[in-house]
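Chemist: In this note's numbering, the protein residues as written are 10 to 201.
We treat Cβ as the ideally placed atom computed from N, Cα and C, and that holds for glycine.
Below: one structure in structure tokens.
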Amino acid sequence: MNVKDEATSLWTLPNRLSMLRILFIPLIVFLISTRKDGFLLASCLFFIVAGITDGLDGYIARKMSLTTKLGLYLDPIADKLLVSSVLITLTYYNAIPLWVTLILVGREFLINGLRAFYAMEGIAIYPSHWGKLKTALQIIGISCVLFNSPIEQIDDAIVHQIGLVIVYAALFFSIYSAVDYLRALFRPPTEH
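As structure tokens, this is what we get:
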């Protein structure tokens with residue numbers, strides 16, 4: 010992978026998309042917090058757009074050779090901030106169980122902490138296919154939970170139940186990918 014690190018790389022399209030995701034966070038959290046049908050639907054739409062930018066920024070960076078050092082850090086940070094903030098907000102309003110949010114957010118802190126530590130040692134840890142699947146499932150599941158309008162009646166909503174099943178699948182792949190990362194990181198060096 011060819012990684013640019015000149016000063017102009019700050020404003021590449023992929024980095025702008027990652028920044029847009031970060032800027033959407035307070036808006037989405039505010040819209041959820043209003044607990045009003047129209048605003049909840051708007052939060053869902055903004056979350057879906059943010060989720061689309063998650064896949065789009067990496068695709069554009071690879072296809073247009075716009076991969077930057079900043080982007081290698083900014084993209085996963087934007088993803089984790091977005092998903093964690095919305096999960097915590099939905100948990101506050103009892104739309105997602107606390108234990109699910111604790112495991113998902115805790116996993117992100119663990120893996121990203123290890124990524125940061127190894128990055129300081131000059132070792133890059135790239136997302137696995139399982140981690141990408143986990144992120145996609147989180148975005149789809151959370152979107153389903155958000156799509157159902159009145160939060161007070163959310164337990165009876167089919168869309169919400171489907172969303173929870175998808176979030177539980179994301180939880181499974183979250184744990185699986187974390188174990189996969191940890192195995193790769195702590196595997197003893199092989200002798201040649």
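#1: Give the range of the alpha helix (DSSP H) segment to which residue 61 is assigned.
#2: On the premise that residue 24 lies in contact with residue 65, defined as a C-beta separation below 8 Å, what is that separation, rounded to the nearest angstrom?
#3: Spatial neighbours of residue 182 within its chain, please: C-beta separation below 7 Å, excluding the five flanking residues on both sides.
#4: Tell me whether residue 21 sits in a helix, a strand or coil according to DSSP, three-state version.
#5: Within 10 angstroms of the Cβ of residue 188, are there 16 or more other Cβ atoms? Answer buried if so, exposed if not.
#6: Can you tell me whether residue 74 is buried or exposed, with buried defined as 16 or more other CB within 10 angstroms of its CB?
#7: I'd like to check one pair, residue 37 with residue 92: are the Cβ atoms closer than 8 Å?
#8: Along the chain, where does the alpha helix (DSSP H) containing residue 105 start, and where does it finish?
#9: For residue 179, which residues from the same chain have a beta carbon less than 6 Å from its beta carbon, with the 5 sequence-adjacent residues on both sides left out?
#10: DSSP three-state call for residue 77: helix, strand or coil?
#11: Rounded to whole angstroms, what's the CA-CA distance from residue 40 to residue 46? Just pull it up for me.
#12: Measure the C-alpha to C-alpha separation of residue 34 and residue 42 and round it to an integer number of angstroms.
#13: Going by Cα to Cα distance, which pick from 105, 81, 102 is closest to residue 136?
Modeler: The answer reads as follows:
#1: Where residue 61 is concerned, the enclosing alpha helix (DSSP H) stretches over 46 to 72.
#2: With 8 Å as the limit, residue 65 and residue 24 do not qualify as a contact, their Cβ atoms being about 12 Å apart.
#3: Short of 7 Å from the beta carbon of residue 182, and not among the five residues preceding or following it, lie these beta carbons of its own chain, in chain order: 139, 142, 143, 146.
#4: Of the three classes helix, strand and coil, the one that applies to residue 21 here is coil, per DSSP.
#5: Answer is exposed; the Cβ neighbour count stays below 16.
#6: Exposed, by the Cβ-count rule.
#7: By the CB criterion at 8 Å, residue 92 and residue 37 fall outside the cutoff.
#8: Segment: none, residue 105 is in no alpha helix (DSSP H) and carries neither H nor E.
#9: Around residue 179: 143, 146, 147, 150.
#10: In the three-state scheme derived from DSSP, where H, G and I count as helix and E and B as strand, residue 77 is classed as strand.
#11: Residue 40 and residue 46: Cα-Cα distance of roughly 10 Å.
#12: One C-alpha to the other measures close to 12 Å.
#13: Ranking 105, 81, 102 by CA distance to the CA of residue 136 puts 81 first.
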